[in-house]
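Beneath this line is the structure, given in structure tokens, with notes to follow.
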Amino acid sequence: MSERPVGDDLREAALRLRRAQQVVVFTGAGVSAESGIATFRDEGGFWDRFPPERFAHVPGLLAALRDEPARLAEFFREVVAPIAHAAPNPAHRAIAAFEQAVPVVVVTQNVDGLHQEAGSSHVHEIHGSLLAVRSALGGTAQLTRGDLRATARALEQAGATGSRRRLLWALRRLIGLSHRGTYRPDVVMFGEPLREPDWALARRAVRECDLMLVVGTSGLVMPAAGLPSEARARGARLIFVDPAPPEEPGLWLQGKAGAVLPALLREAFGAEPGGLARFELEGLLEGDKEADRGHVRR
Ligand code: OAD
Numbered sequence: 019m020s021e022r023p024v025g026d027d028l029r030e031a032a033l034r035l036r037r038a039q040q041v042v043v044f045t046g047a048g049v050s051a052e053s054g055i056a057t058f059r060d061e062g063g064f065w066d067r068f069p070p071e072r073f074a075h076v077p078g079l080l081a082a083l084r085d086e087p088a089r090l091a092e093f094f095r096e097v098v099a100p101i102a103h104a105a106p107n108p109a110h111r112a113i114a115a116f117e118q119a120v121p122v123v124v125v126t127q128n129v130d131g132l133h134q135e136a137g138s139s140h141v142h143e144i145h146g147s148l149l150a151v152r153s154a155l156g157g158t159a160q161l162t163r164g165d166l167r168a169t170a171r172a173l174e175q176a177g178a179t180g181s182r183r184r185l186l187w188a189l190r191r192l193i194g195l196s197h198r199g200t201y202r203p204d205v206v207m208f209g210e211p212l213r214e215p216d217w218a219l220a221r222r223a224v225r226e227c228d229l230m231l232v233v234g235t236s237g238l239v240m241p242a243a244g245l246p247s248e249a250r251a252r253g254a255r256l257i258f259v260d261p262a263p264p265e266e267p268g269l270w271l272q273g274k275a276g277a278v279l280p281a282l283l284r285e286a287f288g289a290e291p292g293g294l295a296r297f298e299l300e301g302l303l304e305g306d307k308e309a310d311r312g313h314v315r316r
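Going by the working numbering, the sequence shown opens with residue 19, and the numbers climb by one from there.
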């Protein structure tokens, strides 16, 4: 781990980013923290309030429906409401801007859809998405943030009553029975396989990248947490962006993603609005110079 000042580390990271051929940005809850969505394992995080032993798997949720419906309503509201009202923050936008300069694949453990909303075009959601439901027969349907906002409002009203029937009605956009069988959020819970084809595509991207930016993840949940070491084993460089030190060797840019990533973007590509265009223009001129040299040689 580096002990050099942050400025040097930022310059080094920017150099690696400029030289990269294929980048994977691997993100966790920390990248969305500044959009108002709680992380899981930070102090006071989501799992502190809703212990995963009880709330992170289907049998636990069914037990909560039976024994404590008001608490289950609270759980769903805390999952749904922040994502319903969230918008991309400067970290999501910086990641989306990277792809104007270098090929980028985003592999995210988040289910909030904010990378796509920020404009990233290749996003693999390996833990699924709260903006989709899937049926038992395998079909999926998309939801909007408006659907989630309506669900959050209904949960608030249903929660107070403690009625199971009202809770299930409030959840009808996410969970229920239709002509295609039962449906539920297209989100991976504990003990379930990761979403496909996202997981297979994510692993392929990891095998092909020469630089991985790991942003806002504690790196504790397998199998996703194995991706950085897989990239490193295949020769990719790792750069971590997180207030907390990483679990693996690599260059660590300590800080919040919403501050560090825009700074990295500026350092690498001079990118205030228009800066990336300048970067592209320089690339174009460089290409012309190559072509001119080829022309002279011929
Ligand atoms: P965690 O809550 O485990 O880790 C969040 C990470 O974000 C920590 O390393 C924090 O230091 C860091 N962090 C906090 N604020 C940040 C900020 N503003 N900028 C950058 N980093 C920040 O969340 P994940 O690693 O995403 O899975 O958790 C992985 C999986 O565990 C989740 O996808 C979820 C959960 O159980 C499932 O539910 C299947």
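We treat Cβ as the ideally placed atom computed from N, Cα and C, and that holds for glycine. On a predicted model such as this, the values are computed, not experimentally measured, just so you know.
Worksheet item: What does a CB cutoff of less than 6 Å around Glu-265 pick up in its chain, not counting 5 residues either side in sequence?
Response: As a working note, residue 265 is residue 247 in the sequence shown. So the qualifying residues of the chain are Gly-237.
Practice prompt. Examine the Cβ distances between the segment 169–185 and the segment 104–116 and report whether three or more of them are shorter than 8 Å.
Written response: no
Worksheet item: Grouping DSSP H, G and I as helix and E and B as strand, with all else coil, what is Pro-211?
Response: Numbered from its first residue, the sequence shown carries residue 211 at position 193. DSSP places Pro-211 in coil when its eight states are reduced to three.
Worksheet item: Does the ligand OAD have even one heavy atom less than 7 Å from the beta-carbon of Leu-271?
Response: Within the sequence shown, the letter at position 253 stands for residue 271. For the ligand OAD, not one heavy atom lies less than 7 Å from the Cβ of Leu-271.
Practice prompt. Can you give me the Cβ contacts of Ala-31 inside the same chain, cut-off strictly under 7 Å, excluding the 5 residues immediately before and after it?
Written response: If you number the sequence shown from 1, residue 31 lands on position 13. So the list reads Ile-257, Leu-269, Leu-271, Leu-282, once near-sequence residues are dropped.
Worksheet item: For Ala-51, which residues of its own chain have a beta-carbon under 6 Å away from its beta-carbon, when the five flanking residues on both sides are left out?
Response: Stepping through the sequence shown from its first residue, residue 51 is reached at position 33. Excluding residues within five positions, the ones whose Cβ falls inside 6 Å are Thr-57.
Practice prompt. Report the partner residues of Leu-256 according to the DSSP bridge assignment.
Written response: The residue labelled residue 256 in the question sits at position 238 within the sequence shown. DSSP, once it has assigned bridges, lists Met-230 as partnering Leu-256.
Fill in: Contacting residues, own chain, Cβ-Cβ under 6 Å from Gly-199 (five flanking each side not counted)
Stepping through the sequence shown from its first residue, residue 199 is reached at position 181. Here the set comprises Ser-153, Ala-154, Leu-155.
Discussion item. Quick check: Ala-47 and His-142, are their CB atoms within less than 8 Å of each other?
Written reply: Position 29 of the sequence shown, counted from the first residue, corresponds to residue 47. Position 124 of the sequence shown, counted from the first residue, corresponds to residue 142. For Ala-47 and His-142, no; Cβs fall outside 8 Å.
Worksheet entry | Alpha-carbon to alpha-carbon, Arg-250 and Ala-38 | One-based indexing of the sequence shown puts residue 38 at position 20. One-based indexing of the sequence shown puts residue 250 at position 232. Taking the straight line joining both Cα atoms gives about 14 Å.
Discussion item. So Glu-174 and Arg-95 are supposed to be a Cβ contact under 8 Å. How far apart are they, rounded?
Written reply: If you number the sequence shown from 1, residue 174 lands on position 156. If you number the sequence shown from 1, residue 95 lands on position 77. Glu-174 to Arg-95, Cβ: 6 Å. Contact.
Worksheet item: Which class does Ala-109 belong to by DSSP, given the choice of helix, strand or coil?
Response: Position 91 of the sequence shown, counted from the start, is the residue given in the question as residue 109. The answer is helix: DSSP assigns Ala-109 an H, G or I state.
Discussion item. Under DSSP, the beta strand (DSSP E) around Leu-148 begins and ends at which residues?
Written reply: Numbered from 1 along the sequence shown, position 130 holds the residue referred to as residue 148. Per DSSP, Leu-148 belongs to the beta strand (DSSP E) from 146–153.
Worksheet item: Comparing the CB of Asp-60 with every heavy atom of the ligand OAD, is any distance shorter than 7 Å?
Response: The count along the sequence shown starts at 1 and reaches residue 60 at position 42. True, at least one ligand heavy atom lies under 7 Å from that Cβ.
Worksheet entry | Unbroken stretches of the beta strand (DSSP E), 3 residues or longer, contained in the segment 55–138 | 122–126
Worksheet entry | Arg-190 versus Phe-208, Arg-167, Val-206, residue with shortest Cα-Cα distance | In the sequence shown, counting from the first residue as 1, residue 190 sits at position 172. For Arg-190, the nearest C-alpha among the options comes from Arg-167.
Discussion item. Let me make sure I understand the geometry here. Which of Val-278, Arg-284, Gly-146, Ala-81 has the alpha-carbon closest to that of Glu-214?
Written reply: Taking the sequence shown and counting its residues from 1, one reaches residue 214 at position 196. When each option's Cα is compared against that of Glu-214, the closest is Gly-146.
Fill in: Rounded separation between Pro-263 and Ala-242 - CA only
Taking the sequence shown and counting its residues from 1, one reaches residue 263 at position 245. Taking the sequence shown and counting its residues from 1, one reaches residue 242 at position 224. Pro-263 and Ala-242: Cα-Cα distance of roughly 18 Å.
Discussion item. In whole angstroms, give me the CA-to-CA distance for Asp-27 and Ser-139.
Written reply: Counting from one through the sequence shown, the residue named residue 27 turns up at place 9. Counting from one through the sequence shown, the residue named residue 139 turns up at place 121. Roughly 28 Å separates the two Cα atoms.
Worksheet item: What separation, rounded to the nearest whole angstrom, lies between the Cα atoms of Gly-78 and Trp-65?
Response: Taking the sequence shown and counting its residues from 1, one reaches residue 78 at position 60. Taking the sequence shown and counting its residues from 1, one reaches residue 65 at position 47. Their backbone Cα atoms lie some 14 Å apart in a straight line.
Fill in: Continuous beta strand (DSSP E) stretch holding Val-205: start and end
Here residue 205 refers to the residue found at position 187 of the sequence shown. Element bounds for Val-205: 199–205.
Worksheet item: For the putative contact between Leu-229 and Arg-255, defined by C-beta atoms under 8 Å, what is the C-beta separation to the nearest angstrom?
Response: Working through the sequence shown from its first residue, we reach residue 229 at position 211. Working through the sequence shown from its first residue, we reach residue 255 at position 237. Contact flag correct, Cβ pair sits at about 5 Å.
Worksheet entry | Check whether Leu-279 and Pro-108 have beta carbons under 8 Å apart | To locate residue 279, count along the sequence shown from 1; it is residue 261. To locate residue 108, count along the sequence shown from 1; it is residue 90. The answer is yes: Cβ separation under 8 Å.
Discussion item. Taking the alpha carbon of Glu-226 as the reference point, which residue from Gly-234, Arg-67, Val-123 has its own alpha carbon closest?
Written reply: Position 208 of the sequence shown holds residue 226. Of the listed residues, the one whose Cα sits closest to Glu-226 is Val-123.
Worksheet item: Where Val-76 and Leu-90 are concerned, what is the direct C-alpha to C-alpha distance, given to the nearest angstrom?
Response: Reading the sequence shown from its first residue, position 58 is the one you call residue 76. Reading the sequence shown from its first residue, position 72 is the one you call residue 90. Near 12 Å, if we compare the C-alpha coordinates of Leu-90 and Val-76.
Discussion item. Is Thr-235 a contact residue of the ligand OAD, with contact defined as CB to any heavy atom under 7 Å?
Written reply: Stepping through the sequence shown from its first residue, residue 235 is reached at position 217. Flag set: Cβ of Thr-235 near the ligand OAD.
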